[in-house]
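Student: Quick one: structure below, then a few questions.
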Amino acid sequence: QTDTYSAWQPKASLAYHFTDDLMGYATFSKGFRSGGFNSVNVFGADYKQEGTTNYEAGVKSTLFGGKATLSLAGFYTDYKDQQIFNYDLATSSQNLVNAPDSRIYGVEVDFAARPFEGLDFNASFGYLDTKLKSFPDLPSASVDTSIIPGKRIPLSTEYTANVSAQYEHPIAGDWSGFGRVDYERRGDMYWQADNLDVQKAFNLVNLRAGIENDNFTASVYVKNAFDKAYLENFFPGEWLGFIDLSYPSNNRRQYGFEASYKF
């Protein structure tokens, strides 16, 4: 099978500097993702191209005499024929289908600061509201698809928060030592369009400390320091007569040593 996909993708942006330290902007754009063919012939073998209409506006500012920056953005996206994975009972397979209408909107906040020499601090927060406004009738789907309109778009995390801090201090000669901590929180996320299976919110912490100069860096690290178990993928096997088949994270607590040299 072959097919051809095309779309017009305009983009327009407007920016205005209110002061030397405050800038506002607005952007309009259209996006596109090509269609394709499912490897197993269900729901019709092909799926349509996906289109988006995107709006974004925000402000960016410099604070405290250049020691910090703050940005705030809001966005809204309308989807046409969004490509969504769905499970098929007849073939026991996962395939792409098109949700005719869906939308997302949200806000993002980013803050960065160097309050004094050697210390860098960063924090960000994002909130995402998503909705499948309509969904096709799929007789052989794993669930009653009539319940899907109004549900959240799958694999869309409700919110994310990140905080990091790194401190670096001279030791001797051109050598310095550093330490870093990263914190991340991920909000609830649904695995499928029916919103029946959910990954609950969880926290992750990463740590790193080391020494470096202009050419050499050596550090020890701990990833997922509190050994949090979470899923990276999920497969709903109950409708095949099995218990839920899930794939736990490969990123349980890890620790190690890294070294690099720049010539």
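Residue numbers (the numbering used here): 15 to 277.
Every residue gets a Cβ at the ideal spot worked out from N, C-alpha and C, and that includes glycine.
Hey, quick one: how far does the beta strand (DSSP E) through GLY193 stretch, first residue to last?
Tutor: 189 to 200
Student: Please report the straight-line C-alpha distance between GLY38 and TYR141, rounded to a whole angstrom.
Tutor: 20 Å
Student: Would you call TRP189 buried or exposed, if buried means 16 or more other Cβ atoms sit within 10 Å of its Cβ?
Tutor: exposed
Student: Let me make sure I understand the geometry here. Which of GLY50, ASP60, PHE135, ILE118 has the alpha-carbon closest to that of ALA126?
Tutor: PHE135
Student: Could you tell me which whole beta strand (DSSP E) segments of length 3 or greater appear in the region 39 to 81?
Tutor: 64 to 77
Student: Check each candidate in ASN112, SER20, PHE32, LEU86 and name the one with the smallest Cα separation from LYS62.
Tutor: ASN112
Student: Who are the Cβ neighbours of LYS150 in its own chain at under 8 Å, not counting the five residues just before and after it?
Tutor: Reading off the sequence shown, one finds Pro at residue 150, where the question assumed Lys. Cβ within range, chain order: PHE57, VAL111, ASN112, ALA113, PRO114, THR159.
Student: Once the 5 residues before and after SER75 are set aside, which same chain residues still bring their CB inside 8 Å of it?
Tutor: Answer for SER75: ASP35, LEU36, MET37, THR83, LEU84, SER85, listed in chain order.
Student: Let's see if you can read the secondary structure: which residues bound the beta strand (DSSP E) around LYS25?
Tutor: Here the beta strand (DSSP E) through LYS25 covers 25 to 33.
Student: Sorted by chain position, which residues of the same chain lie with C-beta nearer than 6 Å to ASN217's C-beta, five sequence neighbours on each side aside?
Tutor: Within the same chain, ASN217 has close Cβ partners ARG199.
Student: Assign TRP205 to buried or exposed, taking buried as 16 or more other Cβ atoms, counted over all protein chains shown, within 10 Å of its Cβ.
Tutor: buried
Student: Cα separation between ALA223 and THR41?
Tutor: 40 Å
Student: From this set, LYS237, PHE248, ASP92, which residue's C-alpha is nearest GLN268's C-alpha?
Tutor: LYS237
Student: Strictly by DSSP, which residues pair up with ASN217?
Tutor: ARG199
Student: Less than 8 Å between C-beta atoms, sequence neighbours within five positions excluded: which residues of the same chain meet that for THR171?
Tutor: LEU142, ARG200, GLY201, ASP202, MET203
Student: Return the chain-ordered list of same chain residues with a C-beta closer than 8 Å to the C-beta of PHE32, the five sequence neighbours on each side being excluded.
Tutor: GLY38
Student: What ranges does the beta strand (DSSP E) occupy inside the region 148 to 182, keeping only unbroken runs of at least 3 residues that lie completely in it?
Tutor: List check, beta strand (DSSP E) in window: nothing returned.
Student: Cβ of TYR93 within 8 Å of Cβ of SER116?
Tutor: yes
Student: Going by DSSP, name the residue or residues bridged to GLN96.
Tutor: ALA113
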